[in-house]
Every structure is written in C-alpha cells, then in structure tokens.
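Number of protein chains: 2
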Amino acid sequence: MTAKQMLAQRARSVEEYLSQCLEERGIPARLLESMRYSLLAGGKRLRPVLALSWCELLGGDAEAAMPFAASLECIHTYSLIHDDLPAMDDDDLRRGRPSNHKQFDEATAILAGDGLLTEAFVLMTEAGVKGGLAADRVLRAVNVLGRAAGSGGMVGGQAVDMEFTGREGQVPLEELQQMHAMKTGALITAACECGAILSGAPDEDVRNAREYGRAVGVAFQIVDDVLDVVGDEATLGKPVGSDEEQGKSTYPALVGLDKSRELARGHVDGAVGHLCGYHGPESEFLTLLARYIVDRVY
Amino acid sequence: MTAKQMLAQRARSVEEYLSQCLEERGIPARLLESMRYSLLAGGKRLRPVLALSWCELLGGDAEAAMPFAASLECIHTYSLIHDDLPAMDDDDLRRGRPSNHKQFDEATAILAGDGLLTEAFVLMTEAGVKGGLAADRVLRAVNVLGRAAGSGGMVGGQAVDMEFTGREGQVPLEELQQMHAMKTGALITAACECGAILSGAPDEDVRNAREYGRAVGVAFQIVDDVLDVVGDEATLGKPVGSDEEQGKSTYPALVGLDKSRELARGHVDGAVGHLCGYHGPESEFLTLLARYIVDRVY
Numbered sequence: 001m002t003a004k005q006m007l008a009q010r011a012r013s014v015e016e017y018l019s020q021c022l023e024e025r026g027i028p029a030r031l032l033e034s035m036r037y038s039l040l041a042g043g044k045r046l047r048p049v050l051a052l053s054w055c056e057l058l059g060g061d062a063e064a065a066m067p068f069a070a071s072l073e074c075i076h077t078y079s080l081i082h083d084d085l086p087a088m089d090d091d092d093l094r095r096g097r098p099s100n101h102k103q104f105d106e107a108t109a110i111l112a113g114d115g116l117l118t119e120a121f122v123l124m125t126e127a128g129v130k131g132g133l134a135a136d137r138v139l140r141a142v143n144v145l146g147r148a149a150g151s152g153g154m155v156g157g158q159a160v161d162m163e164f165t166g167r168e169g170q171v172p173l174e175e176l177q178q179m180h181a182m183k184t185g186a187l188i189t190a191a192c193e194c195g196a197i198l199s200g201a202p203d204e205d206v207r208n209a210r211e212y213g214r215a216v217g218v219a220f221q222i223v224d225d226v227l228d229v230v231g232d233e234a235t236l237g238k239p240v241g242s243d244e245e246q247g248k249s250t251y252p253a254l255v256g257l258d259k260s261r262e263l264a265r266g267h268v269d270g271a272v273g274h275l276c277g278y279h280g281p282e283s284e285f286l287t288l289l290a291r292y293i294v295d296r297v298y
Numbered sequence: 001m002t003a004k005q006m007l008a009q010r011a012r013s014v015e016e017y018l019s020q021c022l023e024e025r026g027i028p029a030r031l032l033e034s035m036r037y038s039l040l041a042g043g044k045r046l047r048p049v050l051a052l053s054w055c056e057l058l059g060g061d062a063e064a065a066m067p068f069a070a071s072l073e074c075i076h077t078y079s080l081i082h083d084d085l086p087a088m089d090d091d092d093l094r095r096g097r098p099s100n101h102k103q104f105d106e107a108t109a110i111l112a113g114d115g116l117l118t119e120a121f122v123l124m125t126e127a128g129v130k131g132g133l134a135a136d137r138v139l140r141a142v143n144v145l146g147r148a149a150g151s152g153g154m155v156g157g158q159a160v161d162m163e164f165t166g167r168e169g170q171v172p173l174e175e176l177q178q179m180h181a182m183k184t185g186a187l188i189t190a191a192c193e194c195g196a197i198l199s200g201a202p203d204e205d206v207r208n209a210r211e212y213g214r215a216v217g218v219a220f221q222i223v224d225d226v227l228d229v230v231g232d233e234a235t236l237g238k239p240v241g242s243d244e245e246q247g248k249s250t251y252p253a254l255v256g257l258d259k260s261r262e263l264a265r266g267h268v269d270g271a272v273g274h275l276c277g278y279h280g281p282e283s284e285f286l287t288l289l290a291r292y293i294v295d296r297v298y
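Heads up: the protein sequence lines correspond to chains Y and B, in order.
Using the UniProt record's numbering, read the first sequence as starting at 1 and increasing by one per residue.
Using the UniProt record's numbering, read the second sequence as starting at 1 and increasing by one per residue.
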C-alpha cells in the first residue's frame with residue numbers, strides 16, 4: 001500500500017468518529033448543521049492520523065486516543081472557518097464548496113468556529129474522564145495542544161499573517177518562517193507530540209515526535225506554497241496562483257521554485273531522521289507519510 | 001462588610017492574576033494588546049469569584065484553583081467580544097468604552113476572542129500540570145466547563161438568541177428561559193460546579209454547587225433584563241431601554257416588572273436553599289452574593 005492509500009484508510013476511521021462526535025450534545029439544529037458542514041467537508045485528516053500513528057508507534061492505545069485525535073480536526077476546521085470570514089481572508093470557496101459564511105451567514109460561521117473550538121477541548125478530555133487513558137497524560141496533552149492552538153501558536157500566526165497582508169513589499173524569509181511555524185506548524189507539531197504523550201512514552205520519545213512534527217510542518221507549508229504555483233486547480237479545490245495575485249510572500253516568491261522544493265526535501269529528511277530509532281509498520285508509515293507530503297509537488 | 005464590598009475585594013485578587021496570566025506566551029504584540037484591552041476592562045469577576053468561593057467553602061485549595069477561576073473570565077470576555085461583532089449584535093460600546101472591533105478592527109477582534117477562548121483551556125490545565133491539584137479533578141472540571149461554554153451551552157445560546165432576533169413577535173417565556181439557561185446560565189452554573197469539583201468534595205456537594213449556580217444564573221438574567229428598563233445608564237455603562245427598542249423578548253416585556261422581580265427573588269431563595277447544609281464565612285458570603293444580585297434592581 002502507498003502512503004496515500006494508508007493515509008486514506010486511516011482517515012476513514014477518523015471520518016467515522018467525526019461524523020458522530022457532535023451528537024447528543026444539545027446543539028441547536030442550524031448551528032450543528034453548520035459545524036458539520038465544515039467538519040465533514042473532506043480533507044486528508046493529516047493531524048488526527050499523525051497523532052494516532054505516533055501513539056501507536058510508541059505502544060499506546062490508539063483507539064482510546066481517537067477522541068483526542070478528532071479534536072485536532074475540530075481545531076483545524078474552526079481555524080479555516082474563521083480565516084475565510086470577510087474580515088479575515090474573505091474567501092468564498094473552501095474545498096470546492098461555498099465557505100461556511102457563504103453557505104450559512106457570518107454570525108453562524110463565527111459561532112460554528114467558536115463551537116468547534118470549544119467542543120475540541122471537550123473531546124480531548126473525554127478519554128481521560130470516561131476512562132481509558134490516565135488523567136495526567138491527557139491533561140498534559142490538553143495543555144500542549146492548547147498552547148499550540150492559542151495566541152502564541154495558531155491564532156497568533158493568523159494575526160501575524162494579517163499584519164503581513166497589510167505590509168508593502170515582500171516579508172523576509174525568517175519572519176515568514178516564524179509566522180508559518182505558528183500558523184500551521186504548531187498544530188502539526190502538537191499532533192505528533194500529543195500522540196506521544198498519550199502513549200505514556202518517556203520524554204525522549206516525546207521529543208522525537210515533536211521534532212518530526214516540526215520538520216513535517218515546515219515541509220508541508222513549503223509544499224502548500226509550491227502547489228499554489230504549479231498545482232492543479234481541480235485537485236486542490238481552490239484557485240491556483242491566488243498567492244501571487246494577492247502579492248503574498250511565499251517560499252517560491254522568496255527563494256524560487258527549485259530552492260523551495262530542495263528546502264522541503266531537506267525538512268522531510270530531517271523528519272525521517274527522528275524515526276531512525278523505531279521499527280515496524282508504524283515507523284514505515286510515518287516515513288512514507290513524510291515523503292508523500294513532498295512528493296505531491298513533483 | 002457588605003456582599004458588594006466582599007465581591008470587590010475578591011475580584012481584586014482575580015484582577016491581579018488576570019493582569020499577568022497572558023505574559024510569556026509569545027503572543028504577537030497587537031493581538032496581546034487587544035486581548036488585554038477587553039480582559040482588563042473591569043467587570044464584577046462574578047464567575048471566578050463563584051468558583052473560588054465554592055472551592056473554599058468545600059475545603060478546597062482556592063489558591064491552586066485561581067488559574068482555573070481566571071479561565072472563566074477569559075471565556076466570558078471572549079463571548080462578549082464575539083457577541084459585539086457587526087455580524088452579531090453589532091455593539092459599538094462595551095462597559096462605556098469602544099467595543100474590541102471598534103478599538104482595533106474586526107479581524108483582530110475575532111482573533112482576540114479565539115485567543116482568549118483557547119488560552120482559557122490552557123489556564124484550566126495549568127494547576128493540574130504544574131502540580132497543586134489532582135489531574136483527574138482538573139480534567140473532570142475542564143470537561144464540565146467545556147460543555148457549558150460550547151455549542152450545547154453558551155455558544156448554542158447565542159445562536160438561539162440570534163434566531164430569536166430575526167423572528168416576528170415575542171418569544172414564549174419557556175423558550176426564552178431555555179435560551180438564557182444556555183447563553184448565560186451554563187457558564188455561571190459551571191463556575192460553581194467546577195469550584196466544587198476542584199475541591200474534591202463528594203458528588204452531593206457538587207450537586208448543591210450546580211443547583212445554586214443554576215438558580216443564581218436565572219436570577220442574574222432576570223435582573224439584567226429588569227435593569228435594562230429601570231437601571232441607570234452611567235452605572236451600567238450601556239444604554240438603557242435598548243432591549244425594548246430592539247423589540248427583544250425579555251422578562252419585563254413578557255411578565256411585567258413586578259412579576260419579574262418576584263421571579264428573581266424566588267430563584268435567589270432557591271439558591272440560598274442549597275447552602276443550608278453549610279456554615280462559616282464562605283456560606284454567608286455565597287448567601288449574601290445571591291441576595292445582592294437581586295438587590296441591584298431595588
């Protein structure tokens with residue numbers, strides 16, 4: 001099986017969990033519809049799969065970690081809903097369909113985002129409260145994921161990105177990297193780290209998971225920028241060339257396409273390096289997954 | 001000391017904690033400024049004080065519970081920022097100052113809200129992660145507070161309220177009560193319940209805390225409606241009579257002023273009833289606090 005096929009297979013079990021995780025919470029009908037509209041709009045489910053795979057690799061109970069893994073997708077989805085709002089990136093399309101505020105309305109989209117973010121934390125705690133995982137591990141993982149998703153992480157990264165948009169000229173590479181590390185890197189890193197924490201593995205393994213995640217996160221962002229230049233509109237579900245049109249600072253704009261690809265490959269090699277102490281199918285999968293992320297641009 | 005003075009005294013220690021709880025998180029400057037602008041804009045700090053008082057009443061470590069208590073104010077503040085947005089209630093003023101999106105801009109206000117909500121969950125976990133409180137208690141409290149703040153609670157209540165606004169004619173009392181129970185009641189209830197959970201008290205005490213909170217929450221909302229009719233604009237920091245102007249369904253509009261006051265008093269008596277098994281200064285304070293909430297309308 002290729003990494004893509006394995007990813008798709010694992011994504012399906014996440015999908016199944018996501019499709020019922022908002023039931024029986026007394027959510028008003030229209031709000032629930034809007035939350036589900038975005039949560040179940042497809043996507044690779046990369047973050048939950050990373051968390052589950054690291055948990056499994058380190059001998060943890062991946063099944064018990066499923067609610068926690070699903071929470072990563074709730075957080076990712078809420079961030080997309082809020083980023084698409086007219087006051088933010090003002091995007092009418094997301095994954096080839098109307099964005100949440102276009103399909104519903106702005107107020108509902110804001111609340112759907114708020115709701116998904118809050119339910120994410122409820123999901124994180126479920127495994128610890130209902131049994132299955134030790135409370136101290138879960139609590140530590142909630143802390144790590146909260147910091148990554150918060151104003152010093154993902155939310156902060158979006159704020160910096162908004163500031164960049166209002167600025168004249170290109171943003172220096174270093175600042176761009178720092179912004180991406182917050183906006184997209186932090187959540188991917190936390191996914192791997194939390195999977196490791198939930199497995200109960202020692203700190204050294206947690207560190208490997210974190211560093212793997214960090215490297216994969218950087219590569220992922222570079223590839224995203226490259227795909228905006230060379231990608232296929234139908235496959236991506238969004239217009240190609242929009243970054244350049246909007247005068248956005250990107251890796252290809254700053255260092256060129258070839259150098260961007262080279263950088264991405266370097267980060268993937270770095271990520272794979274953190275797997276050298278592990279063996280078996282999970283280690284192989286995480287290796288393939290890292291490589292697959294870069295292969296998408298060739 | 002009156003309840004008002006005691007509340008103010010306790011609020012000061014919460015205030016002190018809030019003023020430094022967002023430091024050293026790597027939050028971008030403008031985003032941090034905007035989060036602090038709303039978080040430190042005054043307010044009674046009722047929810048944190050309720051949590052700390054119930055924790056103390058049941059023999060818990062109120063000092064260790066402070067980060068958790070502060071998280072309640074972060075959640076309350078984020079909800080006000082998002083509720084004020086143009087797409088929601090479109091309020092230009094909050095506590096006598098420009099609302100967050102007026103002082104900064106819409107994108108920053110959305111992100112400040114997202115940031116405060118996420119940091120709230122980080123704060124909740126702090127006491128358990130850094131030691132001081134047992135992880136299983138903290139985790140259970142995070143679960144309870146998350147549900148109360150989420151789409152089946154506060155966020156859901158705001159969604160229902162938005163639906164009411166678009167509706168012709170008055171909303172039936174029963175539906176109004178259900179909306180308020182979600183929009184404002186859930187968080188006040190959770191404040192009391194979580195304080196009890198963090199103290200490690202048995203389920204019966206947790207139930208008393210919850211029922212006290214539920215009753216106080218209902219009384220609080222009725223009083224809020226009454227104050228919009230008879231209150232003093234300068235004291236409230238917002239225009240009086242705005243509910244009627246906007247054709248909002250309120251307790252006074254549905255059952256009249258006298259009956260509203262009577263209802264509020266009844267709920268306060270109910271709240272105090274849940275304190276009858278407890279003695280000492282904390283029990284007295286929680287009794288006074290419940291009565292003070294209603295006294296504001298006389």
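Just so you know, even glycine gets a beta-carbon here, dropped at the ideal spot from N, CA and C.
Quick caveat, the model's predicted, so the values are computed rather than measured.
Legend entry - Complete alpha helix (DSSP H) runs within the stretch 117 to 179 of chain Y (minimum length 4 residues, chain order): 135 to 149 and 154 to 165
Inset, instruction - Over the uninterrupted alpha helix (DSSP H) stretch that includes residue 189/Y, give me the two end residues. - result: 186 to 199
Inset, instruction - Examine chain B for any beta-carbon lying closer than 8 Å to the beta-carbon of residue 82/Y, and answer yes or no. - result: yes
Inset, instruction - Taking residue 138/Y as the query, report the chain B residues whose CB atoms sit under 7 Å from its CB, ordered along the chain. - result: 139
Legend entry - Paired residues, beta bridge with residue 98/Y - DSSP: 93/Y
Inset, instruction - Compare the C-beta of residue 177/B with all C-beta atoms of chain Y and state if any pair is closer than 8 Å. - result: no
Legend entry - Min CB distance residue 106/Y to chain B below 8 Å: yes
Legend entry - Endpoints, alpha helix (DSSP H) assigned at residue 6/B: 3 to 20
Legend entry - Short CB-CB distance (under 8 Å) between residue 110/Y and chain B: yes
Inset, instruction - Measure the alpha-carbon distance for residue 85/Y versus residue 106/Y and round it to whole angstroms. - result: 7 Å
Legend entry - Interface partners of residue 28/B on chain Y, CB under 7 Å: 156, 159 and 160
Legend entry - Where residue 119/B meets chain Y, residues with beta-carbon distance less than 7 Å: 150 and 151
Inset, instruction - Go to residue 306/B, then tell me how far its alpha helix (DSSP H) extends in each direction, as first and last residue. - result: In the structure as shown, chain B begins at 1 and stops at 298. Residue 306/B is therefore absent and cannot be evaluated.
Inset, instruction - For chain Y, find out if any of its Cβ atoms is closer than 8 Å to the Cβ of residue 146/B; answer yes or no. - result: yes
Inset, instruction - Give me the Cα-Cα distance between residue 187/B and residue 72/B, rounded to the nearest whole angstrom. - result: 8 Å
Inset, instruction - Determine the closest residue to residue 172/B out of 202/B, 34/B, 279/B and 252/B, with distance taken between C-alpha atoms. - result: 252/B
Inset, instruction - Give me the Cβ distance between residue 69/B and residue 58/B, rounded to the nearest whole Å; I'm assuming they're in contact under 8 Å. - result: That belief does not hold up - the Cβ atoms of residue 69/B and residue 58/B are roughly 14 Å apart, past 8 Å.
Inset, instruction - Please look up how many angstroms separate the CB atoms of residue 138/B and residue 120/B, rounded, as I've assumed it's under 8 Å. - result: Not confirmed; about 13 Å, so no contact.
Inset, instruction - Please confirm if residue 114/Y has its CB atom under 8 Å from at least one CB of chain B. - result: yes
Legend entry - Beta-carbon gap between residue 223/Y and residue 293/Y smaller than 8 Å: yes
Inset, instruction - Using the Cα positions of residue 24/B and residue 206/B, report the straight-line distance between them to the nearest angstrom. - result: 34 Å
Legend entry - residue 195/Y versus residue 83/Y - alpha carbon distance: 26 Å
Legend entry - Beta-carbon proximity check, residue 77/B vs residue 146/Y, cutoff 8 Å: no
Inset, instruction - Can you give me the Cβ contacts of residue 44/Y inside the same chain, cut-off strictly under 7 Å, excluding the 5 residues immediately before and after it? - result: 7 and 11
Inset, instruction - Look at the Cβ atom of residue 41/B, then the Cβ atom of residue 81/B, and state whether they are nearer than 8 Å. - result: no
Legend entry - Environment of residue 274/B [buried if 16+ CB atoms lie within 10 Å]: buried
Inset, instruction - Measure from the C-beta of residue 215/Y to each C-beta in chain B and report whether the shortest distance is under 8 Å. - result: no
Inset, instruction - Could you work out which residues of chain Y lie near residue 135/B, taking near to mean beta carbons separated by less than 9 Å? - result: 128, 134, 135, 136, 137, 138, 139 and 140
Inset, instruction - For chain B, find out if any of its Cβ atoms is closer than 8 Å to the Cβ of residue 66/Y; answer yes or no. - result: no
Inset, instruction - May I ask you to report which of helix, strand or coil DSSP gives residue 108/B? - result: helix
Inset, instruction - Give the range of the alpha helix (DSSP H) segment to which residue 27/B is assigned. - result: Unbroken run through residue 27/B: none, as it is neither H nor E.
Inset, instruction - Taking C-beta pairs closer than 8 Å, name the residues in chain B that residue 31/Y reaches, listed in chain order. - result: 151, 155, 156 and 159
Legend entry - Contact under 8 Å by Cβ, residue 141/Y with residue 197/Y: yes
Legend entry - Interface flag, residue 18/Y vs chain B, CB-CB below 8 Å: no
Legend entry - Below-8 Å beta-carbon distance, residue 198/B vs any chain Y residue: no
Inset, instruction - Please report how far the alpha carbon of residue 230/Y lies from the alpha carbon of residue 95/Y, in whole angstroms. - result: 18 Å
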